[in-house]
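Counting in the numbering used here, the sequence shown runs without a single skipped number right up to 195 at its last residue.
Ideal placement from N, C-alpha and C gives every residue a C-beta, glycine not left out.
In this text the structure is predicted, and so the values were computed from the model without any measurement.
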Amino acid sequence: MNKSWKFFKESVRHFWQVGTLVHSSRHLVKSLLADIDFTEAELIVEFGAGSGCVTREILRRMRPDARLFSFELSPVFHEEICSIAQEDPRLTPVLGCATLAAEMLAPETVDCVVSGLPMGNFGKRAKLGVLGTVHAILKPGGHFSQFQYSLLDYRLMRRHFEKVRLGYTPLNFPPAFVYNCVDL
């Protein structure tokens, strides 16, 4: 089955969990990863790996000795991430929600967290759970990238991070906003 069709079917089936009907564009992926120093990052975490378009680009940019943990809730998408891991042993796919990262990884050991979670679809408790996990695992001065299709959570990001740079990617469907956040 065609990967785009497979993605579309899973997105329709679980729209509130996936948040979109199409893959992220290369422009969005570029914007999402723009502020990450891949020459320094040793441990990277990805939330909401989906079908792996961001995962593949992270792996392409990562150092040979770096590690990537990708969390995905959908068994269909997790299978895609597992197939990528067969080709690249630096990737550890995890079937489960993002908040598992705080249980699996030591506190303040992660250089950056990249998130494709549809936070706009989450209630306040779930959003705070994700941000609490980010703060628990991220090193001081670490980086958090999150994209959304609205500015719904801009204030929330500003309250939780000292530095928030907002980007906009019109060459994506739908157009997306990227929050690049650092907590010093």
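What three-state label does DSSP hand threonine 50 in the structure shown? coil
Go to cysteine 192, then tell me how far its alpha helix (DSSP H) extends in each direction, as first and last residue. Per DSSP, cysteine 192 belongs to no alpha helix (DSSP H); it is in the beta strand (DSSP E), 187-193.
Kindly indicate which residue of Tyr179, Leu139 and Asn183 has the alpha-carbon position closest to the one of tyrosine 190. Taking only the C-alpha atoms, the option nearest tyrosine 190 is Tyr179.
What's the call for glutamate 57, buried or exposed, on a 16-neighbour Cβ count within 10 Å? buried
When the Cα atoms are used, what is the spatial distance from glycine 153 to leucine 163? 23 Å
Helix, strand or coil at leucine 84 according to DSSP, with G and I counted as helix: Coil, per DSSP.
Of all the alpha helix (DSSP H) runs that stay within the bounds of the stretch 109-143, which reach a length of 4 or more residues? 112-115
On the three-state DSSP scale, how would you describe leucine 44? helix
Please state whether DSSP places valine 23 in a helix, a strand or coil. Unreliable placement is indicated for valine 23, whose pLDDT of 46 sits below 50; no coordinate value is reported for it.
Taking C-alpha atoms, which residue in Tyr160, Asp99 and Lys174 lies nearest to leucine 182? Tyr160
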